[in-house]
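Engineer: For reference, each letter of the sequence shown is one residue, going 15 to 511 in the working numbering.
Just dropping this structure here.
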Amino acid sequence: MDKDPRELLDRTAAHAAEFLAGLATRPVSPGADLGRLRETLGRSLPEDGVDDVRVIDELVRDTADGLLGSAGGRFFGWVIGGGVPAALAADWLTATWDQNAAMYACGPAVAVIEEVTGEWLKELLGLPGEASFGFTTGAQAAHLTALAAARHKLLADRGWDVERRGLAGAPVVRVLTSGRQHASVERAVRLLGLGTDQLRSVGSGADGRIDLAALERELAATDAPTVVCLQAGEINTGLFDPFGEACALAAARGAWVHVDGAFGLWANVGARHRHLLDGVDRADSWTADGHKWLNVPFDSGFVFVRHPSAHRDALSTRASYLVHAADTASGTGVTPARDQLDWNPEWSRRARAVPVYAAVRALGRRGIAEMVDRCVDHARRLVAGIGELPGVEVLARPVINQGLVRFLAADGDHDAHTDRVIDRVQRDGVAWFGGTTWNGMRAMRISAVNWRTDAHAVDLAIGAVARSLTADPLTAVTDHANLGVHRRSAASRPGKP
Ligand SMILES: Cc1ncc(COP(=O)(O)O)c(C=O)c1O
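Next up, the structure:
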């Protein structure tokens, strides 16, 4: 007989609440190193089961020092975001309900939630109402889906059925970019068999945005089927390509425009930054993430395609043991339910629209716009504050939530010094920034997308960078009581027993 799970779930909720409360004061970087984690977690395979409560208690205990504080407000590394409370709670329910969100028949309520949420997202993100959508694991799988639809349509327009005939002997599909595309675009090109040799950079202008004259020349050079990939929020600087102009050039040549808006598309929700996305609705496909700026827990990406038939023809599948809503509704006069497996590259899957539905309801359009604006303000203040410190050069002031700085060394080896300072900041533990290479220089990336970040977190982060400019974290200022954050002690420093 089933044991009442209430005690276990209550206990787990208490653990979760304690973790969340601790985000305000715990070090952002993990204290345990690889060796210690393997030692703690690497038990031999249990022959007999262990009591549930013990499993959970020990899971919490054994991971405590090995978690990155990226869910907290002092994390400014990769574009990660946290989970707003309603989304986190809805994510718990998603696991509890354990619906297979492959199709309506497997979970009617969650299929309708995805249908409703997809429509909301198009409205929020300023995308055409006729676009189809899919909920994917992230932007990576969203690119894959969008480019599969592009491949389908571009080749079908040339009389080639790629799903049946494959790519051998097919017209070669080119993919044009500014050269600043995210690596996930390249991987989608690889996985779809288009080949990275066909990924061509037309280059960018002095402003970092795609070079329109070069794009026009490339488009005119051949009639080959072509995808143009644009950025809504470049990974280092947050730059936006000129969508209206690029889409007009592409449309004149029958090219497909795909927009990587993993985080930047969220700037279209509020009035303050919408001008950066002028013309973005003229593209053919778009990618965005829920687990970035919407602050929904991980496993939350979105793809939108202007041409639903290309999207469905590239992705949908049929099996005799399934109950396909579109087939069963035919002839009934009722709009068929939406089967999720027609729009994404998965079969069985988590009902990942549920936390998105909850986040959008809890925040509303206004709340999302305010969250975006707030993060932009935090990013600007971080870059300005860090930029005022001695020996700091600002490489990119935020257009939205991303900025770049580097640290200048007396010996002229700025790259090594920049990496050294980033390492000190991470070991200091009060805040977390990561590194990147930008225009041939090592730089520190500053990214603000977490709903928990506030002015105090920004002050603490600027202070952490100031300390790390000159001093090793263990020999730095020792009076941290007024920081309100527990800095890492020597005993918990990574690499120390
Ligand atoms: C601009 C951009 N595109 C694509 C991706 C890949 O997204 P995901 O990790 O959701 O697959 C990211 C971030 O990881 C990104 O910042």
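Glycine is no exception: its CB is placed at the ideal position from the N, C-alpha and C atoms.
1. Hey, which unbroken runs of the beta strand (DSSP E) at 3 residues or more fall wholly within the stretch 18 to 104?
2. Would you say the beta carbon of His196 is closer than 6 Å to some non-hydrogen atom of ligand 1?
3. Just checking, does the stretch 134 to 149 make contact with the stretch 317 to 335 on the three C-beta pairs under 8 Å criterion?
4. From Ser506 to Ser43, what distance separates their C-alpha atoms?
5. To the nearest angstrom, how far is the alpha carbon of Ser468 from that of Ala393?
6. Considering Phe147, what are the terminal residues of the alpha helix (DSSP H) in which it resides?
7. Classify His305: buried if its beta carbon has 16 or more other beta carbons within 10 angstroms, exposed otherwise.
8. Do the CB positions of Val419 and Ile436 come within less than 7 Å of each other?
9. Please tell me whether Ala478 and Asp433 are closer than 7 Å, where the distance is taken between their beta carbons.
10. Okay, do the stretch 324 to 335 and the stretch 182 to 198 touch, 3+ Cβ pairs below 8 Å being the bar?
11. What are the boundary residues of the alpha helix (DSSP H) that Cys261 is part of?
12. Under three-state DSSP, which class holds Ala153?
13. Cβ of Asp416 versus every heavy atom of ligand 1: is any distance shorter than 6 Å?
14. Compute the beta-carbon to beta-carbon distance between His157 and Ser198, rounded to the nearest angstrom, for a pair I have assumed lies under 8 Å.
15. Under three-state DSSP, which class holds Ala302?
16. For Ile94, is the beta carbon positioned less than 6 Å from some heavy atom of ligand 1?
17. Taking only the alpha-carbon atoms, compute the straight-line gap between Arg214 and Ala35 and give it to the nearest angstrom.
18. Could you check which residue in Cys243, Arg25, Phe89 has the C-alpha nearest to that of Asp66?
19. Quick check: is any heavy atom of ligand 1 less than 6 Å from the C-beta of Asp303?
20. What's the gap between the Cα of Leu73 and the Cα of Asp313?
21. So, does the stretch 109 to 118 touch the stretch 79 to 99, judging by three or more C-beta pairs under 8 Å?
22. Relative to ligand 1, is the shortest distance from any of its heavy atoms to the C-beta of Ala276 smaller than 6 Å?
23. Does the distance from the C-beta atom of Leu206 to that of Arg165 stay below 7 Å?
24. Evaluate contact between the stretch 401 to 414 and the stretch 161 to 175, counting only Cβ atoms and requiring at least three cross-stretch pairs below 8 Å.
25. Is the closest heavy atom of ligand 1 to the C-beta of Ile460 under 6 Å?
26. Contact defined as beta carbons within less than 8 Å: I believe Val271 pairs with Ala264. What is the distance between those atoms, to the nearest angstrom?
27. Considering only the alpha carbon of each residue, which of Arg375, Thr251, Pro256, Asp298 lies closest to Asn453?
28. Would you call the stretch 457 to 464 in contact with the stretch 80 to 97, where contact means no fewer than 3 C-beta pairs closer than 8 Å?
29. Start and end of the alpha helix (DSSP H) containing Ser461?
30. Ends of the beta strand (DSSP E) at Val406?
31. What's the call for Arg204, buried or exposed, on a 16-neighbour Cβ count within 10 Å?
32. Helix, strand or coil: which one does DSSP assign to Leu190?
33. Between the alpha carbons of Asp274 and Glu32, how many angstroms are there, rounded?
34. Pop quiz: Gly284 and Asp391 are said to be a contact at Cβ under 8 Å. What is the actual Cβ separation, rounded to whole angstroms?
35. Tell me where the alpha helix (DSSP H) around Leu422 begins and ends.
36. Which of helix, strand or coil does DSSP assign to Gly381?
Structural biologist: If we stick to the structure as given:
1. none
2. Using a cutoff of 6 Å, the CB of His196 counts as near ligand 1, since one of the ligand's heavy atoms is closer than that.
3. yes
4. Confidence is the limiting factor: at Ser506 the pLDDT is only 43, short of 50, which leaves the residue's position unreliable and the question unanswerable from this model.
5. Residue 468 is actually Asp in this sequence, not Ser. Rounded to the nearest angstrom, the gap between the Cα atoms of Asp468 and Ala393 is 11 Å.
6. Counting along the chain, Phe147 falls outside any alpha helix (DSSP H), though it belongs to the beta strand (DSSP E) covering 146 to 150.
7. buried
8. no
9. no
10. no
11. 257 to 266
12. helix
13. Before going further, note that residue 416 is Gln rather than Asp in the sequence given. No; taking the cut-off as 6 Å, the Cβ of Gln416 has no heavy atom of ligand 1 nearer than that.
14. 6 Å
15. strand
16. no
17. 48 Å
18. Arg25
19. yes
20. When only Cα atoms are considered, Leu73 and Asp313 end up about 21 Å apart.
21. Touching, no, given that fewer than three Cβ pairs across the two stretches are closer than 8 Å.
22. yes
23. yes
24. no
25. no
26. 5 Å
27. Thr251
28. yes
29. Not the alpha helix (DSSP H): Ser461 falls in the beta strand (DSSP E), residues 455 to 461.
30. 406 to 410
31. exposed
32. strand
33. 36 Å
34. Contact doesn't hold; Cβ gap of about 12 Å is too wide.
35. That residue, Leu422, is in no alpha helix (DSSP H); it is neither H nor E in DSSP.
36. helix
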